[in-house]
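Trainee: Numbering (the numbering used here), first residue to last: 1 to 123.
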């Protein structure tokens, strides 16, 4: 925008309060200001959305950290208990867990097969 500042004296001090805008009507200047304000509002909304996303991510990360701390505490407790149990007892417990895991894996496989058969019967 081309602007020409018209200086005038007001009680002995200089002031640039009178500014003439050549080539633009006051209506056009007002529209320009409204457009600029809309742009500022849009940027503020974007910043607000970004801040909300950061808050959500931070909350999620905080929950994960708390879960990891709890997990570590439980592991520490289990390790403390394990130090006082005989090795053979630990091995037996692990073997039982492995058997249960294999049984669950087999059951899962059977359920998947059953589901696939059921889905193919419907198609």
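From the three backbone atoms N, C-alpha and C, an ideal C-beta is built for every residue, glycine too.
Remember, predicted model here, so these are calculated numbers, not experimental data.
(1) Where does residue 85 sit, in a helix, a strand or coil, going by DSSP?
(2) Indicate the three-state DSSP secondary structure (helix, strand or coil) for residue 25 in the structure shown.
(3) Would DSSP call residue 123 helix, strand or coil?
(4) In whole angstroms, what separates the C-alpha of residue 58 from that of residue 44?
(5) Determine the direct distance from the alpha carbon of residue 78 to that of residue 65, and round the result to whole angstroms.
(6) In whole angstroms, what is the alpha-carbon distance linking residue 108 and residue 47?
(7) Rounded to whole angstroms, what's the CA-CA distance from residue 73 to residue 49? Just pull it up for me.
(8) Return the CA-CA distance between residue 96 and residue 53, expressed in angstroms with no decimal places.
(9) Could you tell me the distance, in whole angstroms, from the CA atom of residue 38 to the CA atom of residue 55?
Mentor: To lay it out plainly:
(1) In this structure, residue 85 counts as coil in the three-state DSSP scheme.
(2) Secondary structure at residue 25: coil, using DSSP grouped into helix, strand and coil.
(3) Residue state, collapsed to three classes: coil.
(4) Residue 58 and residue 44 have their C-alpha atoms some 21 Å from each other.
(5) Cα-Cα distance, rounded: 20 Å.
(6) For the pair residue 108 and residue 47, the Cα-to-Cα distance works out to about 47 Å.
(7) Their Cα atoms are separated by approximately 36 Å.
(8) Rounded to the nearest whole angstrom, the C-alpha separation of residue 96 and residue 53 is 45 Å.
(9) For residue 38 and residue 55, the distance between alpha carbons rounds to 25 Å.
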